[in-house]
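Taken in order, these protein sequences are the chains called A and B. With the first sequence counted from 1, adding 20 to any position gets you the working numbering. With the second sequence counted from 1, adding 20 to any position gets you the working numbering. Where a beta carbon is used, it is the ideal one built from N, C-alpha and C, also for glycine. Just below is one structure, and these are the notes that go with it.
Protein chains: 2
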Amino acid sequence: MRILIVGAAGMLGRKLAERLARDGVLGRERVSHLSLVDVVESERPAAPGFDVTTVAADLTERPAVDELIAERPDIVFHLAAVVSGEAEADFEKGYRVNVDGTRLLFEAIRLAGTAYQPRVIFSSSIAVFGPPFPDVIGDDQCLTPSTSYGTQKAVAELLLSDYTRRGFFDGVAIRLPTICVRPGAPNRAASGFFSSIIREPLNGEEAVLPVSDDVRHWFASPRAGIDFLIHAGTLDSGALGKRRCLTMPGVSATVGAEIEALRRAAGDEAVGLIRREPDETIMRMVAGWPGGFDARRARALGFRAEADFDQIVRVYVEDELGDASS
Amino acid sequence: MRILIVGAAGMLGRKLAERLARDGVLGRERVSHLSLVDVVESERPAAPGFDVTTVAADLTERPAVDELIAERPDIVFHLAAVVSGEAEADFEKGYRVNVDGTRLLFEAIRLAGTAYQPRVIFSSSIAVFGPPFPDVIGDDQCLTPSTSYGTQKAVAELLLSDYTRRGFFDGVAIRLPTICVRPGAPNRAASGFFSSIIREPLNGEEAVLPVSDDVRHWFASPRAGIDFLIHAGTLDSGALGKRRCLTMPGVSATVGAEIEALRRAAGDEAVGLIRREPDETIMRMVAGWPGGFDARRARALGFRAEADFDQIVRVYVEDELGDASS
Numbered sequence: 021m022r023i024l025i026v027g028a029a030g031m032l033g034r035k036l037a038e039r040l041a042r043d044g045v046l047g048r049e050r051v052s053h054l055s056l057v058d059v060v061e062s063e064r065p066a067a068p069g070f071d072v073t074t075v076a077a078d079l080t081e082r083p084a085v086d087e088l089i090a091e092r093p094d095i096v097f098h099l100a101a102v103v104s105g106e107a108e109a110d111f112e113k114g115y116r117v118n119v120d121g122t123r124l125l126f127e128a129i130r131l132a133g134t135a136y137q138p139r140v141i142f143s144s145s146i147a148v149f150g151p152p153f154p155d156v157i158g159d160d161q162c163l164t165p166s167t168s169y170g171t172q173k174a175v176a177e178l179l180l181s182d183y184t185r186r187g188f189f190d191g192v193a194i195r196l197p198t199i200c201v202r203p204g205a206p207n208r209a210a211s212g213f214f215s216s217i218i219r220e221p222l223n224g225e226e227a228v229l230p231v232s233d234d235v236r237h238w239f240a241s242p243r244a245g246i247d248f249l250i251h252a253g254t255l256d257s258g259a260l261g262k263r264r265c266l267t268m269p270g271v272s273a274t275v276g277a278e279i280e281a282l283r284r285a286a287g288d289e290a291v292g293l294i295r296r297e298p299d300e301t302i303m304r305m306v307a308g309w310p311g312g313f314d315a316r317r318a319r320a321l322g323f324r325a326e327a328d329f330d331q332i333v334r335v336y337v338e339d340e341l342g343d344a345s346s
Numbered sequence: 021m022r023i024l025i026v027g028a029a030g031m032l033g034r035k036l037a038e039r040l041a042r043d044g045v046l047g048r049e050r051v052s053h054l055s056l057v058d059v060v061e062s063e064r065p066a067a068p069g070f071d072v073t074t075v076a077a078d079l080t081e082r083p084a085v086d087e088l089i090a091e092r093p094d095i096v097f098h099l100a101a102v103v104s105g106e107a108e109a110d111f112e113k114g115y116r117v118n119v120d121g122t123r124l125l126f127e128a129i130r131l132a133g134t135a136y137q138p139r140v141i142f143s144s145s146i147a148v149f150g151p152p153f154p155d156v157i158g159d160d161q162c163l164t165p166s167t168s169y170g171t172q173k174a175v176a177e178l179l180l181s182d183y184t185r186r187g188f189f190d191g192v193a194i195r196l197p198t199i200c201v202r203p204g205a206p207n208r209a210a211s212g213f214f215s216s217i218i219r220e221p222l223n224g225e226e227a228v229l230p231v232s233d234d235v236r237h238w239f240a241s242p243r244a245g246i247d248f249l250i251h252a253g254t255l256d257s258g259a260l261g262k263r264r265c266l267t268m269p270g271v272s273a274t275v276g277a278e279i280e281a282l283r284r285a286a287g288d289e290a291v292g293l294i295r296r297e298p299d300e301t302i303m304r305m306v307a308g309w310p311g312g313f314d315a316r317r318a319r320a321l322g323f324r325a326e327a328d329f330d331q332i333v334r335v336y337v338e339d340e341l342g343d344a345s346s
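Right under this line is the structure:
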């Protein structure tokens, strides 16, 4: 089985490559080749038992995209995106990458002919939804994004559904919760503080909290995120019917609950490293974000996330601090 | 006030131009100039009290679109589209016109600068919704189109909402019911038979009915369609808030109810001209179409349609056969 990861240098892409290298299989199928593509050179996973190619390519350039698809990957993970903060700051770049780049990829697959019908897994986002929200958002919530990023993800979802319906590929879009705790340096997502208020204190550093404690949001760990992707790559897509876009399960938690989970994991001293610095712009953006989902369809299809925020903190400690503390 | 109609050679475009020529105003504002644009030359309305320019231009060619916007119309009616049957038959053409053409138009307005912020009225469609449907579809129904045409309209709606939110223009998308009874020759919309089973018998001609009598659908007359467009061009858009896409009111009727309305208007002989010729392809498409909407938001905002199908037949007789029978 040949696998292509577009957006392989990002946090999830890197972790997905590592996971595939470790497992050697996707579901029951042995991985024979893995292509890692991003605008920058992707990191090669350690000790893979199969061929790995890394390609630095721009998703917005048609020849580059055609070349990736000419390799006929059986599974395409499309994780590449300009993130929320940047898509809001740079309107043109957001549309160019998130809409046009996605469409170039889908078109390359369509134009490769009817005999070629890979599974395409697209990392969408809960940003496709906008206020007003019910307390718990059902699977039939209408698409009313309140950011350019959310709009671009919603457009890509619509394209994926239509390309799938037309038989050009076998698409599955998974709407990821805010992935938390993100390891490493912050990216330009406006949601970065949800991770940094846990990550920085656990690393003995100060973190800035730009919103109030009662802000509620929807989370899953990077480990759960990878499980979602793997499951989306292996499930029987017939069970999805025509509804190819799925809201992933997650943990609904307030910033206050995050902080209490940090306190249980690392004590008052860690919590003391959180510095409150309200930011009007971020508060306004976050006010338009959802607090919790039902995610019934995804759960019924076997997608699993953490049960509470303590578990999310534990995953970070195990997966990211494990080596450092040993 | 300068007005631009894109898609002016289509049925609604032509009727809108005639209405503006007759009224001389849009709301309280005097019309000073009307540009009629389509891929073919548009018909000039009779006796307008203002300048009319007709332009044959391709919405998918950027210089042509830029030129239209360089005239700084205060109101842009974007009615141009590849219709449902054709968008399903010609995948590339549907996306090129309905998605890329729409985006070129929106981009031309955005790039004209922040001082220019026209009202943009986009004719969307109930095809943005797909099954399963509740009996009466509410304003919060999720976007799950089951055709390429519906997908393209949904994408355009998302773009319109984002461009409006970003302050590039003042957009209103109106989801038109199936416009019935369409005058003149059938177009390539798969929904054409809903009109032809009324129109052809009223003109003493045979009509083919490809679906069963219990098929229920959502209708408004061309006259109501023009009223929607005029109202969308004049209403206080502040009342729309961030939800810029509105399902228009209409009449929910079965094919059987259509036929009974025809019988009341023109007798058994007219009904006898309907020839039943089931068509599997059309039946499959129509099975995915909605039967009726709540349209509460639009009604509250002052949009009005007919009360029943008899009225829809009457509008056809008055507006299209009035001259012929006099």
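Quick one: Cα of residue i to Cα of residue j, how far?
i, j, result
"F248 (chain B)", "L46 (chain A)", "53 Å"
"F30 (chain A)", "S166 (chain B)", "Per the sequence presented here, residue 30 (chain A) reads as Gly, with Phe not at that position. Approximately 33 Å, taken between the alpha carbons."
"A174 (chain B)", "E112 (chain B)", "17 Å"
"L40 (chain B)", "V26 (chain B)", "15 Å"
"E289 (chain A)", "L229 (chain A)", "16 Å"
"A210 (chain B)", "N118 (chain B)", "17 Å"
"L79 (chain B)", "L131 (chain B)", "16 Å"
"K262 (chain A)", "D160 (chain A)", "14 Å"
"Y136 (chain B)", "L178 (chain B)", "21 Å"
"E297 (chain A)", "A285 (chain A)", "23 Å"
"D120 (chain A)", "Q172 (chain A)", "9 Å"
"G258 (chain A)", "L163 (chain B)", "21 Å"
"R236 (chain B)", "R195 (chain A)", "34 Å"
"A28 (chain A)", "D58 (chain A)", "6 Å"
"C200 (chain A)", "S241 (chain A)", "5 Å"
"G292 (chain B)", "N223 (chain B)", "13 Å"
"I218 (chain A)", "V102 (chain A)", "24 Å"
"A344 (chain A)", "I146 (chain B)", "Here the model assigns A344 (chain A) a pLDDT of 48, short of 50, so the residue's position is not dependable and the matter cannot be decided."
"D155 (chain B)", "R64 (chain B)", "42 Å"
"A109 (chain B)", "Y183 (chain A)", "14 Å"
If you measure from the beta carbon of residue i to each beta carbon in chain B, is any gap under 8 Å?
i, result
"L178 (chain A)", "yes"
"C200 (chain A)", "no"
"S168 (chain A)", "yes"
"R82 (chain A)", "no"
"D160 (chain A)", "yes"
"S345 (chain A)", "Low local confidence applies: a pLDDT of 46 at S345 (chain A) is under 50, so the model's placement there is unreliable, with the coordinate-based value given in what follows. No, no contact with chain B."
Quick check: is the beta carbon of residue i nearer than 8 Å to any beta carbon in chain A?
i, result
"A174 (chain B)", "yes"
Which residues of chain B have a Cβ atom closer than 8 Å to the Cβ of residue i, listed in chain order?
i, result
"R263 (chain A)", "T164"
"R186 (chain A)", "F111, S168"
At 7 Å on the CB atoms, spell out the chain B contacts of residue i, in chain order.
i, result
"D348 (chain A)", "Absent from the structure is residue 348 (chain A), since the part of chain A shown begins at 21 and ends at 346."
Between which two residues does the beta strand (DSSP E) carrying residue i extend?
i, result
"D71 (chain B)", "71-76"
"S55 (chain B)", "53-58"
"V96 (chain B)", "95-98"
"R296 (chain A)", "294-296"
At what residues does the alpha helix (DSSP H) containing residue i begin and finish?
i, result
"F275 (chain A)", "Reading off the sequence shown, one finds Val at residue 275 (chain A), where the question assumed Phe. Per DSSP, V275 (chain A) belongs to the alpha helix (DSSP H) from 275-291."
"L24 (chain A)", "Careful: L24 (chain A) lies outside any alpha helix (DSSP H), inside the beta strand (DSSP E) at 22-26."
"T301 (chain B)", "300-307"
"L266 (chain B)", "Taken as a continuous stretch (DSSP letters only), L266 (chain B) belongs to no alpha helix (DSSP H), being part of the beta strand (DSSP E) at 265-267."
"K262 (chain B)", "Here K262 (chain B) belongs to no alpha helix (DSSP H), and DSSP marks it neither H nor E."
"I157 (chain A)", "From DSSP, I157 (chain A) is part of no alpha helix (DSSP H); its letter is neither H nor E."
"L88 (chain B)", "82-90"
"S104 (chain A)", "104-109"
- Contact set between the stretch 108-136 of chain A and chain D, restricted to residues whose Cβ is under 7 Å from the partner: The displayed structure is made up of protein chains A and B, and chain D is not among them.
- Where in the stretch 186-254 of chain B do unbroken runs of the alpha helix (DSSP H), each at least 4 residues long, occur, reported from the N-terminal end onward? Qualifying alpha helix (DSSP H) stretches, in chain order: 212-222, 242-254.
- For the stretch 116-142 of chain A, which segments carrying the alpha helix (DSSP H) assignment without a break, of at least 4 residues, lie completely within its bounds, in sequence order? The stretch 116-142 of chain A contains these whole alpha helix (DSSP H) runs: 122-131.
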